[in-house]
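**Q**
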Amino acid sequence: MSNKQTVYWTVDKNIDNLNKLNEIKEAALWIKEGEVVAFPTETVYGLGGNALIDEAIEKIFRAKGRPSDNPLIVHVASKDQVRMLVSEIPDRAEKLMDAFWPGPLTIVLPSNHSVSPRVTANLHTIAIRIPDHPVALALLEEANVPVAAPSANVSGKPSPTTAQHVKHDLNGRIKGIVDGGQTGVGVESTVVDCTEAVPVILRPGGITKNQLEHVVGPVKVDPALEQEGSTPRSPGVKYTHYAPNAEMYLVEQYTQRMQQVVDEFRNAGKRVGVLTTHEGASNYEADLVIPCGFRKDLETVATHLYGTLRQFDEHEIDLILAETFPKEGVGVAIMNRLEKAAGKKVI
Ligand code: AMP
Ligand code: MG
Numbered sequence: 153m154s155n156k157q158t159v160y161w162t163v164d165k166n167i168d169n170l171n172k173l174n175e176i177k178e179a180a181l182w183i184k185e186g187e188v189v190a191f192p193t194e195t196v197y198g199l200g201g202n203a204l205i206d207e208a209i210e211k212i213f214r215a216k217g218r219p220s221d222n223p224l225i226v227h228v229a230s231k232d233q234v235r236m237l238v239s240e241i242p243d244r245a246e247k248l249m250d251a252f253w254p255g256p257l258t259i260v261l262p263s264n265h266s267v268s269p270r271v272t273a274n275l276h277t278i279a280i281r282i283p284d285h286p287v288a289l290a291l292l293e294e295a296n297v298p299v300a301a302p303s304a305n306v307s308g309k310p311s312p313t314t315a316q317h318v319k320h321d322l323n324g325r326i327k328g329i330v331d332g333g334q335t336g337v338g339v340e341s342t343v344v345d346c347t348e349a350v351p352v353i354l355r356p357g358g359i360t361k362n363q364l365e366h367v368v369g370p371v372k373v374d375p376a377l378e379q380e381g382s383t384p385r386s387p388g389v390k391y392t393h394y395a396p397n398a399e400m401y402l403v404e405q406y407t408q409r410m411q412q413v414v415d416e417f418r419n420a421g422k423r424v425g426v427l428t429t430h431e432g433a434s435n436y437e438a439d440l441v442i443p444c445g446f447r448k449d450l451e452t453v454a455t456h457l458y459g460t461l462r463q464f465d466e467h468e469i470d471l472i473l474a475e476t477f478p479k480e481g482v483g484v485a486i487m488n489r490l491e492k493a494a495g496k497k498v499i
């Protein structure tokens, strides 16, 4: 590809008036003019391109190796920009925007087809959110165009939560990377379809079902998320995702069985890693034991999840055995990502 030299900008997300920084101005201009640039959001790093330019969107798909029928989320800086992209904002969507934006909630609305058809994979709907990260917001304001931004990783791999992860996957394949430090939430946004009377969760994420129901009343969950074999309404959900190079298994009843399973695989000559938490780490002996956050605070597990999966690969572990987590609150998103990373393999 043409971007042999990926530009690297470092910015301090805590300073005032980020939009005045040359780094932000330069990165925003590249995006506006049709190049692709990675930047931090509060969930994971995104790979941003001008949603109005076909070639920019083409560059995103190419850099990631992403299947072209998997639509992208459009990021904007204000609700006014949302109005320019949709044919209607139902009341339920308005309420969710007011409650959770900026934040890790993506809302699917009827599109007015003003973005490139490559963004929406020719659907009649468009997925939009306002991210809650000062660097992302400064870039979006400066670029002043809708920005399509999937996670900035090679398709199928764990999403990036640091600029180093982005560099590892996409160096030389994209115009630039804005390094604004580690992201916070650590798992992607919740995707909720608001085109029908009762909103439907298409992908679990940073905002939980309870939080949504508190604001709009009953919310459904796309049956495809829980049932094998039914076609998901969110096209991207059907692909392999978040998978480390190492083979991975989820170990139920890990408190009784984990060490035994570790020993069996090690006896068979495998380099075995255990994904656990700070509460559990001292219970295991394996080739690599990584505590991923605290079980008593699942948000910390979400924050560190993808970075932990990548660490196992750095240490050339053959096999990752992961503890399971309760499917409550953000635990739903954590288990959704772990199950996909493991290809649903459970012991
Ligand atoms: P990613 O960009 O990797 O975070 O993935 C975006 C997610 O949003 C994928 O699961 C897509 O299938 C989903 N998505 C994007 N646009 C739409 C849409 N118009 N309708 C339904 N799902 C969508
Ligand atoms: Mg992704």
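Just add 152 to the spot in the sequence shown (first one is 1) and you have this note's numbering. From the three backbone atoms N, C-alpha and C, an ideal C-beta is built for every residue, glycine too.
Taking the alpha-carbon positions, what's the residue 174 to residue 206 distance?
**A** Taking the straight line from one Cα to the other gives about 27 Å.
**Q** Whole angstroms is fine: what's the gap from residue 284's alpha carbon to residue 421's?
**A** For residue 284 and residue 421, the distance between alpha carbons rounds to 46 Å.
**Q** From residue 223 to residue 413, what does the alpha carbon distance come to, in whole angstroms?
**A** Whole-angstrom Cα-Cα distance: 39 Å.
**Q** Name the two residues that bound the continuous alpha helix (DSSP H) containing residue 232.
**A** Residues 231-235.
**Q** So, under 8 Å CB-CB, residue 474 and residue 377 are touching, yes? Tell me the CB distance rounded to an integer number of Å.
**A** About 19 Å; that fails the 8 Å criterion.
**Q** With DSSP as the reference, identify every bridge partner of residue 439, one or two as the case may be.
**A** Looking at the DSSP assignment, residue 439 forms no beta bridge with any residue, so it has no partner.
**Q** From residue 273 to residue 299, what distance separates their C-alpha atoms?
**A** Roughly 15 Å between the two C-alpha positions.
**Q** Can you find a heavy atom of the ligand MG that lies under 7 Å from the Cβ of residue 302?
**A** Checking the Cβ of residue 302 against the ligand MG gives yes.
**Q** Say the cut is 7 Å; is the CB of residue 340 nearer than that to a heavy atom of the ligand MG?
**A** Because some heavy atom of the ligand MG lies under 7 Å away, the Cβ of residue 340 counts as near it: yes.
**Q** Measure the CB-CB distance between residue 346 and residue 280 and report whether it falls below 8 Å.
**A** No, the pair does not count as a contact, with Cβ atoms beyond the cut-off.
**Q** Measure the C-alpha to C-alpha separation of residue 394 and residue 330 and round it to an integer number of angstroms.
**A** Using only the alpha carbons, I get a separation of about 22 Å.
**Q** Comparing alpha-carbon positions, which option in 429, 166, 214 lies nearest residue 446?
**A** Closest by alpha carbon: 429.
**Q** From the DSSP output, in three-state form, read off residue 220 for me.
**A** Three-state result, residue 220: coil.
**Q** Buried or exposed, going by whether 16 or more other CB atoms sit within 10 Å of the CB of residue 232?
**A** It counts as exposed.
**Q** Return helix, strand or coil for residue 483, following the three-state DSSP convention.
**A** It is helical.
**Q** With a Cβ-Cβ cutoff of 8 Å, do residue 336 and residue 455 count as a contact?
**A** Taking 8 Å as the Cβ cut-off, residue 336 and residue 455 qualify as a contacting pair.
**Q** How many angstroms separate the CA atom of residue 193 from the CA atom of residue 419?
**A** Their backbone Cα atoms lie some 43 Å apart in a straight line.
**Q** In angstroms with no decimal places, state the Cα-to-Cα distance between residue 479 and residue 198.
**A** For residue 479 and residue 198, the distance between alpha carbons rounds to 26 Å.
**Q** Given this structure, state the Cα-to-Cα distance separating residue 411 from residue 371, to the nearest angstrom.
**A** Distance between the alpha carbons of residue 411 and residue 371 is about 40 Å.
**Q** According to DSSP, is residue 434 helix, strand or coil?
**A** Looking at residue 434 - three-state DSSP - the assignment turns out to be helix.
**Q** Identify which residue in 442, 267, 481 has its Cα closest to the Cα of residue 465.
**A** When only C-alpha atoms are compared, the closest one is 442.
**Q** What's the call for residue 488, buried or exposed, on a 16-neighbour Cβ count within 10 Å?
**A** Flag for residue 488 reads buried.
**Q** Here's the rule I'm using: 16 or more other beta-carbon atoms within 10 Å means buried, otherwise exposed. How should residue 220 be labelled?
**A** Residue 220 comes out exposed.
**Q** So is residue 486 buried or exposed if we call it buried at 16+ other beta carbons inside 10 Å?
**A** Buried, by the Cβ-count rule.
**Q** On the DSSP bridge assignment, give the partners of residue 345 in chain order.
**A** In the DSSP output, where bridge partners are listed per residue, residue 345 has 260, 352.
**Q** With a threshold of 7 Å (Cβ to nearest heavy atom), would residue 386 be considered close to the ligand MG?
**A** It does not: the Cβ of residue 386 is nowhere closer than 7 Å to a heavy atom of the ligand MG.
**Q** Could you pull the DSSP bridge partners for residue 372 from this structure?
**A** Paired residues: 352.
**Q** For the ligand AMP, is there a heavy atom less than 7 Å away from the beta-carbon of residue 223?
**A** Indeed, a heavy atom of the ligand AMP lies less than 7 Å from the Cβ.
**Q** Quick one: what's residue 504 bridged to in DSSP?
**A** This structure does not reach residue 504, given that the chain is present from 153 up to 499, and the question cannot be answered.
**Q** Find the nearest neighbour of residue 366 within the set 355, 379, 351, 374, judged by alpha-carbon distance.
**A** Nearest C-alpha to residue 366: 351.
**Q** Is residue 164 helix, strand or coil by DSSP?
**A** Reduced to three states, the DSSP call for residue 164 is coil.
**Q** May I ask you to check if the CB of residue 266 is nearer than 7 Å to at least one heavy atom of the ligand MG?
**A** Residue 266: no, Cβ never under 7 Å from the ligand MG.
**Q** Just the C-alpha distance for residue 210 and residue 181, rounded to the nearest angstrom, thanks.
**A** About 18 Å.
**Q** Does any heavy atom of the ligand MG sit closer than 7 Å to the C-beta of residue 220?
**A** False, no ligand heavy atom lies under 7 Å from that Cβ.
**Q** Do residue 230 and the ligand MG come close, with the Cβ less than 7 Å from some heavy atom?
**A** No, the ligand MG has no heavy atom inside 7 Å of this Cβ.
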